[in-house]
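Trainee: Counted from 1, the sequence shown has number 36 at position 47 by our numbering; the numbering is strictly sequential. Note that the Cβ used here is the ideal one computed from N, Cα and C, for glycine as well.
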Amino acid sequence: NPVLSQLGVEMSRLSGVRAIMKDIIETLRSGGDRAFINLSAGNPVVLPEVEQLWRDCTADLLASPDYGDVVGRYGASQGYQPLIDAIVEDFNQRYGLNLTDRNVLITPGSQSLYFYAANAFGGYTATGALRQIVLPLSPDYTGYGGVALTPEALIAYKPELEIDRAAHRFKYRPDFSQLQITETTGCVIFSRPCNPTGNVLNDDEVSKIVTLAAAHDVPVLIDSAYAPPFPALNFTEMTPKFGGNVLHCMSLSKAGLPGERIGIAIGDESLVHVLECFQTNLCIHSSRYGQAIAARAIRSGRLAEISETVIRPFYQQKIAIVEATLDREMPPDLPWFLHRGEGAIFAWLWLQDLPITDSEFYQKLKDVDVIVVPGSTFFPGLREDWSHKQQCLRISLTGSDRDLETAMQRLAQVAKAVYRA
Ligand code: PLP
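(1) So, for Leu86: in the same chain, excluding its five sequence neighbours on each side, which residues have a beta-carbon less than 7 Å away from its beta-carbon?
(2) Return yes when the Cβ of Ile95 is within less than 8 Å of the Cβ of Pro363, no when it is not.
(3) Would you give the residue range spanned by the beta strand (DSSP E) that Ala336 belongs to?
(4) Report yes if the CB atom of Arg269 is closer than 8 Å to the CB atom of Ser66, and no otherwise.
(5) List in chain order the residues whose CB is within less than 6 Å of at least one heavy atom of the ligand PLP.
(6) Cβ of Leu260 within 8 Å of Cβ of Pro208?
(7) Leu315 and Leu327 look like a contact to me (Cβ under 8 Å); what is the Cβ gap, rounded to whole Å?
(8) Can you tell me whether Ala313 is buried or exposed? The criterion is at least 16 other CB atoms within 10 Å of its CB, across all chains shown.
(9) Compute the minimum distance between the beta carbon of Ile198 and the heavy atoms of the ligand FMN, and state whether it is under 7 Å.
(10) What does Arg383 pair with, by DSSP beta-bridge criteria?
(11) Could you say which of Cys46, Leu382 and Asp212 lies nearest to Leu126 if we only look at CA atoms?
(12) Can you tell me which residues form a DSSP beta bridge with Gly187?
(13) Rounded to the nearest angstrom, how far is the Cβ of Phe367 from that of Pro128, given a contact under 8 Å?
(14) Leaving out five residues before and five after Leu323 in sequence, what residues of the same chain have Cβ atoms less than 7 Å from its Cβ?
(15) Quickly, what does DSSP pair Leu292 with across the bridge? List them, please.
(16) As an exercise, report each continuous beta strand (DSSP E) stretch of at least 3 residues that is fully enclosed by the segment 142 to 192, in chain order.
(17) Under a three-way DSSP split, which group does Ala204 fall into?
(18) According to the neighbour-count rule (16 or more other Cβ atoms, all chains shown, within 10 Å of its Cβ), is Tyr130 buried or exposed?
(19) In three-state DSSP terms, what is Trp325?
(20) Here's the rule: buried if 16 or more other CB atoms are within 10 angstroms of the residue's CB, otherwise exposed. What is Ala410?
(21) Could you tell me which residues DSSP pairs with Thr254 in its beta bridges?
(22) For the candidate residues Leu190, Ser166, Met397 and Thr173, whose alpha-carbon lies nearest to that of Thr116?
(23) Which residue comes first and which comes last in the beta strand (DSSP E) that contains Ile211?
(24) Output yes or no for whether 8 Å exceeds the beta carbon distance between Leu88 and Ile255.
(25) Phe224 and Gly332 - do their beta-carbons sit closer together than 8 Å?
(26) Quick one: any contact between the segment 154 to 173 and the segment 182 to 197, if contact means 3 or more CB pairs under 8 Å?
(27) Could you please give the first and the last residue of the uninterrupted beta strand (DSSP E) stretch that includes Gln121?
(28) Going along the chain, which unbroken runs of the alpha helix (DSSP H) with 4 or more residues stay wholly within the segment 34 to 78?
(29) Measuring only the C-alpha atoms, how far is Lys197 from Gly330?
(30) Please determine, among Arg285, Val311, Val357 and Ser1, the residue with the shortest C-alpha to C-alpha distance to Gly135.
(31) Is the Cβ-Cβ distance between Ala336 and Leu292 less than 8 Å?
(32) Using a 10 Å radius around the Cβ and a threshold of 16 neighbouring Cβ atoms, would you call Pro369 buried or exposed?
(33) Alpha carbon to alpha carbon, how far is Arg301 from Pro321?
(34) Terminal residues of the continuous alpha helix (DSSP H) containing Thr314?
(35) Any idea which residues DSSP pairs Tyr113 with across the strands?
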């Protein structure tokens, strides 16, 4: 085995969700002919209309005189100009902005964007002061757990819980009495809509966070991987926020293009420039083939349209099935609470006072051929002990209608047995 640097060791750790994914792959492999219902996936479903859009854009690219230039040449680190232009035009028109091409950066997927930002804005300064990467509401995207080269810089805050006991629903809200965004904060990151909970911070909550951060010139990365205009996986009204210290970060992964790795950041030129330099050193630029088909899908308006007419209704129907099945099958006297399904492609279930841990519950679900993800992997940066961390499950909405219904029925049986043991 090679001798690794501290950083090498840090980056080689099998962090939370990767360990679970490894276990799931091994379970599926060793399962023989057992018919597992796998509701662990973060991969979006390949929807025929969406696939057709990407096929059409590809055909158009292949037939165009640009093709040789697109795949046969290096380009600018900031991104492929026709894609940047398409985004500037679309967003200026859609949201009444005054973006120029200096306000946009294209990255190989949005994960890389968080990696650049976490390490350009967070970590130790030249004078040795630690600047934190603040996650204002935990739980949040597990991928933030691996982005800091200085892991001690990552800090997350416990939320407030708004509980509707009669309806068996709940919702996380940022706890502004605890949240610290100060002169030692390097940047703030949160997902909206949220993976894993389906939460959508409301416009006021977002403004409050942005204002707190603006007081110290701290950039706020709003991870809009599920937000409008594409993939538009919001089931509740929300207004995307732009300007000032906000970096509006998008991804085409949930709009049918996870394999091509396209992330997009929109923000102040000075912030975009810092991230662009980081990218030049790391990988030069994102795939130009992916960028060229993305430019076509955005310029034609089809990506935004399909997001609203196909992608959003597809997952909205799935969350409705999960809600209806749990409402029917879960005993009303058990303290189970489903997070309000406001967006994204997951349901998030909280089993209050669960007599076993989330990982043990996950194992019991595997025994009845249902696979979900234990919730404790979705609290990166939250150091305090909190029993709630071991009481949640993430259920992917990528299953078929029937599988979702069957899986929720089995989950209700397991919950009954566990609480009443
Ligand atoms: N942010 C959130 C909230 C996500 O759910 C994901 C992927 O699942 C990502 C970022 C990373 O996506 P990508 O790097 O494919 O853009």
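Mentor: Put simply:
(1) Phe80 and Phe231.
(2) Contact flag unset, no.
(3) Counting along the chain, the beta strand (DSSP E) containing Ala336 begins and ends at Phe335 to Leu340.
(4) What sits at residue 269 in the sequence shown is Thr, not Arg. Yes, Cβ-Cβ distance for Thr269 and Ser66 is below 8 Å.
(5) Having a Cβ closer than 6 Å to some heavy atom of the ligand PLP are Gly31, Gly98, Ser99, Gln100, Tyr130, Gly132, Ser180, Asn184, Asp212, Ala214, Ser240, Ser242, Pro247 and Gly252.
(6) Contact flag set, yes.
(7) Leu315 to Leu327, Cβ: 6 Å. Contact.
(8) Counting every other CB atom within 10 Å of its CB across the protein chains shown gives Ala313 a total below 16, marking it as exposed.
(9) Looking for the ligand FMN in the displayed structure turns up nothing; the ligands present are the ligand PLP.
(10) DSSP output for Arg383 lists Trp337 and Val362 as bridge partner(s).
(11) Of the candidates Cys46, Leu382 and Asp212, the one whose C-alpha sits nearest the C-alpha of Leu126 is Asp212.
(12) Bridge partners of Gly187: none, in fact.
(13) That pair is a contact at about 4 Å.
(14) Excluding residues up to 5 positions away in sequence, Ala404 and Tyr408 lie with their Cβ nearer than 7 Å to the Cβ of Leu323 in the same chain.
(15) For Leu292, which the question treats as bridged, DSSP gives no partner whatsoever.
(16) With a minimum length of 3 residues, the continuous beta strand (DSSP E) runs that stay inside the segment 142 to 192 are 143 to 145, 149 to 153, 158 to 162 and 174 to 180.
(17) In this structure, DSSP gives Ala204 a state outside helix and strand, which the three-state scheme calls coil.
(18) By the beta-carbon neighbour count (other beta carbons within 10 angstroms, threshold 16), Tyr130 is buried.
(19) DSSP places Trp325 in the strand class (E or B) of the three-state scheme.
(20) Ala410 sits exposed, since fewer than 16 C-beta atoms from the chains shown fall within 10 Å of its C-beta.
(21) According to the sequence shown, residue 254 is Ala rather than Thr. DSSP lists Leu94 and Cys238 as partners of Ala254.
(22) Restricting attention to Leu190, Ser166, Met397 and Thr173, the CA atom closest to the CA of Thr116 is found in Thr173.
(23) Looking at the DSSP string, the run of the beta strand (DSSP E) that includes Ile211 is Val209 to Asp212.
(24) Result yes, Cβ atoms of Leu88 and Ile255 sit closer than 8 Å.
(25) The beta carbons of Gly332 and Phe224 sit closer together than 8 Å.
(26) Flag = yes, the segment 154 to 173 and the segment 182 to 197 touch.
(27) First-last of the beta strand (DSSP E) with Gln121: Leu119 to Leu124.
(28) Here the runs fully enclosed are 37 to 52 and 56 to 61.
(29) C-alpha separation (whole angstroms): 23 Å.
(30) Checked all of Arg285, Val311, Val357 and Ser1; the closest Cα to Gly135 is Ser1.
(31) Not closer than 8 Å, so no.
(32) Burial is judged here by how many other beta carbons sit within 10 angstroms of a residue's own beta carbon; Pro369 has at least 16 and is buried.
(33) Answer to the nearest angstrom: the Cα atoms are 30 Å apart.
(34) Counting along the chain, the alpha helix (DSSP H) containing Thr314 begins and ends at Arg301 to Glu318.
(35) Residue pairing for Tyr113: DSSP places it in a beta bridge opposite Leu119.
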